[in-house]
Amino acid sequence: MTNREIIDRIQSLKKEKNAVILAHYYTRPEVQDIADYLGDSLGLSQEAGKTDADIIVFCGVHFMAETAAIISPDKKVLSPAKSAGCSLAESITGYDLREWKKANPDGIIVSYVNTTAEVKAWTDICCTSANALKVVQSIPQSRKILFVPDKNLGAWIIKKTGRQMELWNGNCCVHERITADIIINKSKEFPEADILIHPESYCSHDDRILNMPQAYMYSTAGMIRHAAASPKKQFIIATEIETIHKLKKDNPEKDFIPVHPQTICGQMKKVTLNNILETLEQEQYVVEVPENIRQKALLPITRMLEIC
Ligand code: 13P
Ligand code: SF4
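Each residue of the sequence shown is one higher than the one before, starting from 8 at the first, in our numbering.
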């Protein structure tokens, strides 16, 4: 089958089965192009709660599809790449978090949305990179905060809010590679460009980056808004490379330069047109979350969605 034939078949199955395709900005360009909704983790969670489709085909890594299944238990959530993991979500288990909580009974647990349902079930409130500052600022000063699992996002929140938090030692294997030297060298090549950086790479930086007036920390959706609103013509993109597909589509007259050609999340690339079609045809790889865990995991997600 040609790509055109696969896409046509996907479109007709979507109609027939009342399905919707949600995709993250890090998925392949051809996957982004057939999505009904393309977004960052926050936008995708919000969309999963709003849609009136019967089936959600979730194009992203597993924790994202699982979050959709927690939010929308009445829908069938299908994950075309059922083995697509995330180094952050894999850095802490429900057991680890329960033990940490036991040792800190007075602590409030804030979990990045890049976590499993089991971890969310032990969490007080979730956040994404788009709303992390607001979420942390909503917690009374008197309360101790335990932040999991991304030490980079956590360190950035501490820097921005001045709020002390204990951090779990997790990281994103893709964003950790974006060091201060890589950013500075790219900026020397393109001195006119704004630099848009995901906070998951924050710890690899130093004050040289923080002091650069043209450097901004954003979630992926924040980068897209910045590029559209800015009068600048060039942008260095310090996150997963495929985000450039959407940036370029929205701003064909502007230049988007990857900070490094190897900033690729292989897990996100596991979603393909072929496995989307297979998933829809067979209604396979249904994301299931046991009901007792789902109910507990829903609470911190709902608290987050009420804040932003
Ligand atoms: P966003 O919340 O910006 O979509 O980021 C999710 C993610 O996995 C980044 O690596
Ligand atoms: Fe996870 Fe990093 Fe891939 Fe994002 S880029 S999904 S945090 S491994």
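Ideal Cβ placement from N, Cα and C applies to all residues, glycine included.
Rounded Cβ spacing between D257 and A235 (contact assumed at less than 8 Å): Counting from one through the sequence shown, the residue named residue 257 turns up at place 250. Counting from one through the sequence shown, the residue named residue 235 turns up at place 228. Taking a contact as a CB-CB distance under 8 Å, the pair D257 and A235 counts as one, their CB atoms being some 6 Å apart.
Contact test: Q274 Cβ vs ligand 2 heavy atom, cutoff 7 Å: Sequence index remark: in the sequence shown, residue 274 carries index 267 (1-based). Distances taken from the Cβ of Q274 to the heavy atoms of ligand 2 include one shorter than 7 Å.
Beta-carbon proximity list for C210, same chain, < 7 Å, skipping 5 on both sides: On the sequence shown, residue 210 is found 203 positions in, with the first residue counted as 1. Annotation for C210: K158, N159, A162 place their beta carbon closer than 7 Å to its own, counting only its chain and skipping 5 residues before and after.
Touching by the beta-carbon criterion (3+ pairs, under 8 Å), the segment 286-302 and the segment 80-89: At 8 Å Cβ cutoff, the stretches touch.
Residue environment, S136, which counts as buried when at least 16 other CB atoms sit within 10 Å: Taking the first residue of the sequence shown as 1, we reach residue 136 at position 129. S136 is buried by the Cβ-count criterion.
Own chain partners of I191 with C-beta closer than 7 Å, once the 5 adjacent residues on each side are dropped: Counting from one through the sequence shown, the residue named residue 191 turns up at place 184. Result list for I191: R215, in chain order.
Between the CA atoms of K240 and I99 - distance to the nearest angstrom: Looking up residue 99 in the sequence shown gives position 92. Looking up residue 240 in the sequence shown gives position 233. Taking the straight line from one Cα to the other gives about 41 Å.
Close beta carbons around Q221, own chain, < 8 Å, minus the five adjacent residues each side: Numbered from its first residue, the sequence shown carries residue 221 at position 214. Once the five neighbours on either side are set aside, the close Cβ partners of Q221 are S194, A200, D201, I202.
Rounded separation between I77 and C315 - CA only: In the sequence shown, counting from the first residue as 1, residue 77 sits at position 70. In the sequence shown, counting from the first residue as 1, residue 315 sits at position 308. Taken atom to atom, the span from the alpha-carbon of I77 to that of C315 is near 18 Å.
Integer-rounded CB distance, given that K255 should sit under 8 Å from F263: The residue given as residue 263 occupies position 256 in the sequence shown. The residue given as residue 255 occupies position 248 in the sequence shown. K255 and F263 do touch by the CB rule: their CB atoms are close to 6 Å apart, below 8 Å.
Identity of the residue in C93, L280, I116 nearest V142 by Cα: Position 135 of the sequence shown, counted from the first residue, corresponds to residue 142. Selected option, being the one with the closest Cα: I116.
Where Y102 falls, given that 16 or more other Cβ within 10 Å makes a residue buried: For the purposes of this step, residue 102 is taken as the residue at position 95 of the sequence shown. Exposed, by the Cβ-count rule.
Inter-residue CB distance, Y32 and E285 (contact presumed, cutoff 8 Å): Walking along the sequence shown from the start, residue 32 turns up at place 25. Walking along the sequence shown from the start, residue 285 turns up at place 278. Not confirmed; about 23 Å, so no contact.
Alpha helix (DSSP H) segments (min. 4 residues) lying fully within the segment 34-59: Listed in chain order, they are 36-41, 48-57.
Boundaries of the beta strand (DSSP E) in which L102 is found, first to last residue: For this step, residue 102 is matched to residue 95 along the sequence shown. According to the sequence as given, residue 102 is Tyr; it is not Leu. Counting along the chain, no beta strand (DSSP E) covers Y102; the unbroken alpha helix (DSSP H) around it starts and ends at 101-110.
C-alpha gap between Q171 and I152, whole angstroms: Here the question's residue 171 lines up with position 164 in the sequence shown. Here the question's residue 152 lines up with position 145 in the sequence shown. Each residue's alpha carbon lies about 7 Å from the other.
Coil, strand or helix - L95 by DSSP: Numbered from 1 along the sequence shown, position 88 holds the residue referred to as residue 95. Coil.
L95 beta carbon near ligand 2 (any heavy atom closer than 7 Å): Numbered from its first residue, the sequence shown carries residue 95 at position 88. Result yes, Cβ under 7 Å from ligand 2.
Ligand 4 heavy atom lying under 7 Å from the CB of K89: Judged by which ligands are present, ligand 4 is missing from the structure shown, whose ligands are ligand 1 and ligand 2.
Three-state secondary structure assigned by DSSP to M71: As a first step, residue 71 is located in the sequence shown; it is residue number 64 there, counting from the start. Three-state result, M71: helix.
Burial state of T34 (16 or more Cβ within 10 Å): In the sequence shown, the residue the question calls residue 34 occupies position 27. Buried: at least 16 other Cβ atoms inside 10 Å.
Where S145 falls: helix, strand or coil (DSSP): For this step, residue 145 is matched to residue 138 along the sequence shown. The answer is coil: DSSP assigns S145 none of H, G, I, E or B.
Cβ neighbour criterion (16 or more within 10 Å) applied to P238: Residue numbering aside, residue 238 sits at position 231 when the sequence shown is read from its first letter. Exposed, by the Cβ-count rule.
Contacts around T168, its chain only, beta-carbon distance under 7 Å, and the 5 residues preceding and following it disregarded: Residue 168 sits at position 161 when you count from the first residue of the sequence shown. If the five residues before and after T168 are omitted, its C-beta is found closer than 7 Å to the C-beta atoms of L140, V143, Q144, all from its own chain and listed in chain order.
Proximity below 8 Å, CB of I231 to CB of V266: Your numbering for residue 231 matches position 224 in the sequence shown. Your numbering for residue 266 matches position 259 in the sequence shown. With respect to V266, I231 sits apart: the two C-beta atoms are not nearer than 8 Å.
Best match in I308, I283, M8, Y225 for proximity to A26 [C-alpha to C-alpha]: Along the sequence shown, one-based indexing puts residue 26 at 19. Checked all of I308, I283, M8, Y225; the closest Cα to A26 is I283.
D61 beta carbon less than 8 Å from that of P307: Translated into the one-based positions of the sequence shown, residue 307 becomes position 300. Translated into the one-based positions of the sequence shown, residue 61 becomes position 54. No, these two residues do not count as a Cβ contact at 8 Å.
Residue from E125, M8, L29, I185 with nearest C-alpha to M224: By 1-based counting over the sequence shown, the position of residue 224 is 217. Among E125, M8, L29, I185, the Cα nearest to that of M224 is on I185.
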